[in-house]
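Using this note's numbering, read the sequence shown as starting at 119 and increasing by one per residue. Think of the CB as a built atom: it goes at the ideal place given N, C-alpha and C, for glycine as much as any other residue. Single-structure report; data block below.
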Amino acid sequence: MSKLLLLFSVALISIGLLYGAYAHKSEVVDDYKIQVGWVKEPPIAGMKNAIEITVTKATASDKEMANSHDHVSHDKSQSHEDHSAHTNHVVAKNIDGVSGLNKSLEVDVVLNDKKTFLRLVESKTNKGTYYGVYVPDSSGYPLVHVVGKIKNTPMEITFHPEKVEVN
Numbered sequence: 119m120s121k122l123l124l125l126f127s128v129a130l131i132s133i134g135l136l137y138g139a140y141a142h143k144s145e146v147v148d149d150y151k152i153q154v155g156w157v158k159e160p161p162i163a164g165m166k167n168a169i170e171i172t173v174t175k176a177t178a179s180d181k182e183m184a185n186s187h188d189h190v191s192h193d194k195s196q197s198h199e200d201h202s203a204h205t206n207h208v209v210a211k212n213i214d215g216v217s218g219l220n221k222s223l224e225v226d227v228v229l230n231d232k233k234t235f236l237r238l239v240e241s242k243t244n245k246g247t248y249y250g251v252y253v254p255d256s257s258g259y260p261l262v263h264v265v266g267k268i269k270n271t272p273m274e275i276t277f278h279p280e281k282v283e284v285n
């Protein structure tokens, strides 16, 4: 019986780790849901990667979930922790996203006090999904700052994606 319990526990932990490895952070701003994450996870210092941003219309449940989270401010000593209304989600492909935002959104990544601005390119196959190529140069806890307008809705959000590791 204890071997069966151990096997079951290992299976559950493995599933949880797999889910976490492909998770993106999301936040709702007015009528829109913004998801941010790495294209290649885990991100490795010195290896080409990209930040993926997906913008969709927020559903009623998205808005309800966002309203139920507590907001806690961030400080530099806790930059690796996520205390905001961000949630983990696996990004669904072939969704009905908000297209044409690559010129109206500005995205930068801050890693170890070094800021890099990204050039967004919209996916040809997934409307509303944008990519900004980024090569992290060191390990650490990055911040992804997204500012601009979604249609006529101004927005500014900072996300805390997965830690950049050293190979």
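Beta-bridge pairing by DSSP links Glu170 to Gly155, Tyr249. Between Asn220 and Pro272, the alpha-carbon positions lie close to 14 Å from each other. Listed in chain order, the beta strand (DSSP E) elements of length 3 or more contained wholly in the segment 216-274 are 223-229, 232-236, 238-240, 247-252, 261-268.
Rounded to whole angstroms, the separation of the alpha carbons of Val262 and Val146 is 16 Å. In this structure, DSSP gives Lys175 an extended state, which the three-state scheme calls strand. Val216 sits close to Thr174, with the two beta carbons spaced by under 8 Å.
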